[in-house]
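The sequence shown maps to residues 52 to 258 in the numbering used here. Ideal Cβ positions, reconstructed from N, Cα and C, are used throughout, including at glycine. Step one of this worksheet: look at the structure below.
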Amino acid sequence: MRDSTSKAMAGPRPVVFSGPSGAGKSTLLKKLIKEHENVFGFSVSHTTRNPRPGEENGRDYHYVTREAMQAAINNGEFIENAEFSGNLYGTSKAAVQAVQAKNLICILDIDMQGVKNIKKTDLNPMYISIQPPSMEILEKRLRDRNTESEESLQKRLHAAKVDMELSKEHGMFDVVIVNDDLEDAYKNLKQALLEEINKVKKAKTSS
Ligand SMILES: Nc1ncnc2c1ncn2[C@@H]1O[C@H](COP(=O)(O)OP(=O)(O)OP(=O)(O)O)[C@@H](O)[C@H]1O
Ligand SMILES: Nc1nc2c(ncn2[C@@H]2O[C@H](COP(=O)(O)O)[C@@H](O)[C@H]2O)c(=O)[nH]1
């Protein structure tokens with residue numbers, strides 16, 4: 052049965068970003084939101100992982116205990132949730148509603164399990180995959196980011212291999228962007244979203 056939990060949500064069509072950990076999703080999304088702050092809003096996920104230096108509770112994630120998150124999931128508060136690299140992650144209904152209430156394009160940054168689960172709902176987003184140029188470059192970016200233990204890094208690289216295979220499946224994503232040169236990737240991203248950006252800008256000027 053399809054999950055109709057998002058039926059009551061309104062506003063512009065959301066955009067789901069996915070792709071291997073380290074591919075550059077956050078880097079691209081932060082640029083996009085900064086340049087178009089009246090157009091896009093970020094769906095702040097919940098996670099049981101610890102905050103990284105510089106991350107802020109309520110802005111980057113809602114950092115919660117596994118017990119609290121599991122209770123909220125059991126209570127039906129999440130659109131989707133997944134276990135990734137030893138931690139729980141999930142998109143709450145409230146996170147998406149908070150963005151849609153402002154008539155902004157809601158951006159979700161989620162893993163491949165999340166993509167599959169969102170496809171079972173009525174959210175109807177556009178699906179964009181951000182891919183690294185190669186596994187070697189991905190590993191270098193993750194190591195240079197200096198945020199992961201060796202164990203977490205290996206789990207992420209393993210998930211990345213699976214992710215990169217699945218993302219080739221026909222129809223999984225509307226747009227695939229290879230993030231090699233950052234400025235080129237950002238230009239391609241803006242081009243892919245141009246129509247949606249213009250729709251929101253037009254709606255805002257005529258309201
Ligand atoms: N085009 C690029 N060229 C070189 N380095 C990049 C590029 N894009 C991103 N990076 C760097 O690669 C690292 C990983 O990027 P980022 O954290 O944005 O990835 P992510 O896909 O959001 O990862 P996660 O899913 O783990 O949150 C960061 O240190 C970032 O500065
Ligand atoms: N299914 C979901 N995946 C999510 C969510 N929020 C983030 N993520 C994904 O988790 C990994 C790791 O993120 P990190 O911040 O620990 O590096 C990455 O692929 C994210 O896209 C979510 O709510 N649901």
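- Going by beta carbons, Ile-161 and Pro-63 fall outside the 7 Å limit.
- Each of Thr-256, Ser-258, Lys-250, Ser-257 was checked against the Cα of Pro-65, and the nearest Cα belongs to Lys-250.
- Counting along the chain, no beta strand (DSSP E) covers Asn-168; the unbroken alpha helix (DSSP H) around it starts and ends at 163 to 169.
- Listed in chain order, the alpha helix (DSSP H) runs fully inside the region 86 to 148 are 117 to 125, counting runs of at least 4 residues.
- In terms of Cα proximity to Leu-244, the closest of Gly-165, Ala-152, His-87 is His-87.
- Counting of Cβ neighbours within 10 angstroms places Glu-131 among the buried residues, the total reaching 16 or more.
- Taking non-hydrogen atoms of ligand 2 into account, the C-beta of Thr-142 is found less than 6 Å away from one of them.
- Not one heavy atom of ligand 1 sits closer than 6 Å to the Cβ of Arg-100.
- Environment of ligand 1, chain-ordered: Ser-72, Gly-73, Ala-74, Gly-75, Lys-76, Ser-77, Thr-78, Arg-192, Arg-196, Asn-230, Leu-233, taking every residue with Cβ within less than 5 Å of a heavy atom.
- Just so you know, the alpha carbons of Asp-214 and Gln-164 end up roughly 9 Å apart.
- When rounded, the separation of the alpha-carbon atoms in Leu-159 and Val-67 is 5 Å.
- Note that the C-beta distance between Ala-146 and Val-95 is below 7 Å.
- Of the heavy atoms belonging to ligand 2, none sits nearer than 6 Å to the Cβ of Gly-62.
- Rounded to whole angstroms, the separation of the alpha carbons of Pro-176 and Gln-242 is 17 Å.
- One Cα belongs to Ile-248, the other to Lys-255, and the distance between them is close to 11 Å.
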